[in-house]
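Undergrad:
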Ligand SMILES: [Zn+2]
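Numbering (the working numbering), first residue to last: 184 to 462.
#1: Rounded to the nearest angstrom, what separates residue 421 and residue 308 at their Cα positions?
#2: Short of 6 Å in beta carbon distance, which residues of its chain neighbour residue 231, apart from the five on each side in sequence? Order them along the chain.
#3: Would you tell me roughly how many angstroms separate the C-alpha atoms of residue 195 and residue 201, rounded to the nearest one?
#4: Take residue 243 as the anchor and find which of 343, 334 and 271 has the nearest alpha-carbon.
#5: By the DSSP assignment, the beta strand (DSSP E) with residue 296 in it spans what residues?
#6: Using the rule of at least 16 other Cβ atoms within 10 Å of the residue's Cβ for burial, across every protein chain shown, is residue 261 buried or exposed?
#7: So does residue 328 have its beta carbon nearer than 7 Å to some heavy atom of ligand 1?
#8: Of all the options 443, 245 and 415, which has the alpha carbon lying nearest to the alpha carbon of residue 451?
#9: Would you say the beta carbon of residue 331 comes nearer than 7 Å to a heavy atom of ligand 1?
#10: Using 8 Å as the Cβ pair cut-off and three pairs as the minimum, do the stretch 293-300 and the stretch 342-357 touch?
#11: Got a sec: does ligand 1 put a non-hydrogen atom nearer than 7 Å to the Cβ of residue 210?
#12: Between the Cα of residue 444 and the Cα atoms of 393, 453, 249 and 424, which residue gives the shortest distance?
#13: With the cut-off set at 8 Å, would you say residue 301 and residue 352 are in Cβ contact?
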């Protein structure tokens, strides 16, 4: 084959994100069997094993459903939980933090959450928080309390990408279905309180995740991207220990509306999101 063609093919293989590609965003607090704070330490051996099992189940399900590429972002606390040594060999692993666009501008066909928890202040939800339990007391978008599920689903929607699957506790599943009713969910545990749950076994959870991932991929064309239209306002109430200095300089579109609360405004979702992400 001509060298130019070989080069071109190599480039295509490395940049293979297409409509046949799915991005899995992982977290810890929604994994089956993870219900205590110390289990969420990113290098906790039990967490690594359980999350890897759930991720690999989702990868298998998507591939069985017809996806051509699965990219996994180790999204929990500094990308220290997953490893290429144990990830499904057909998947690619992203290690490290992502910018505000979270690579969604690369043209993924779908997004999935594995091990996801519900937003801060959600009742009956295992270790529910919004991005940081230590730093953020409450996050709202256009007046509604939100967390990773709502904001990242809106980010995917901005790029026309649907969130097709979530695995986590029953509260996280309900939160996604409230904004994407067609999404598939795998409820791997039921919250009995912030640090209490009734969980499926790892193998039962993984079988369910694999099955739901396969179904989600097959029906992805019928799952609508979640679009937040118009001007957007994000407010962030910080925890007492994160109280900002009154002298802190705030960027464009950011105001202090209380001793611990900042407001980020944008003409649209992306502007408000970028301002909040770059805080
Ligand atoms: Zn999280």
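Heads up, the beta-carbon is just placed ideally off N, CA and C, and yes, glycines get one too.
TA: Inspection of the coordinates gives the following:
#1: Your numbering for residue 421 matches position 238 in the chain shown. Your numbering for residue 308 matches position 125 in the chain shown. Our two residues, residue 421 and residue 308, have alpha carbons roughly 20 Å apart in a direct line.
#2: Reading the chain shown from its first residue, position 48 is the one you call residue 231. Contacts found: 264.
#3: The residue given as residue 195 occupies position 12 in the chain shown. The residue given as residue 201 occupies position 18 in the chain shown. Residue placement at residue 195 is flagged as unreliable, the pLDDT there being 46, under the threshold of 50; a coordinate-derived value is accordingly withheld.
#4: In the chain shown, the residue the question calls residue 243 occupies position 60. The shortest Cα separation from residue 243 among 343, 334 and 271 belongs to 271.
#5: Numbered from its first residue, the chain shown carries residue 296 at position 113. Run containing residue 296: 293-299, per the beta strand (DSSP E) assignment.
#6: Taking the chain shown and counting its residues from 1, one reaches residue 261 at position 78. With fewer than 16 Cβ atoms within 10 Å of its Cβ, residue 261 is classed as exposed.
#7: Residue 328 sits at position 145 when you count from the first residue of the chain shown. For ligand 1, not one heavy atom lies less than 7 Å from the Cβ of residue 328.
#8: For the purposes of this step, residue 451 is identified with residue 268 of the chain shown, where counting begins at 1. It is 415.
#9: Position 148 of the chain shown, counted from the first residue, corresponds to residue 331. Answer for residue 331: yes, Cβ within range of ligand 1.
#10: Remark: three or more beta-carbon pairs, one from each stretch, lie closer than 8 Å, so the stretch 293-300 and the stretch 342-357 are flagged as touching.
#11: As a first step, residue 210 must be located in the chain shown, where it is residue number 27. The answer is yes for residue 210.
#12: Taking the chain shown and counting its residues from 1, the one referred to as residue 444 is at position 261. It is 424 whose Cα lies nearest to the Cα of residue 444.
#13: Taking the chain shown and counting its residues from 1, the one referred to as residue 301 is at position 118. Taking the chain shown and counting its residues from 1, the one referred to as residue 352 is at position 169. Cβ atoms of residue 301 and residue 352: closer than 8 Å.
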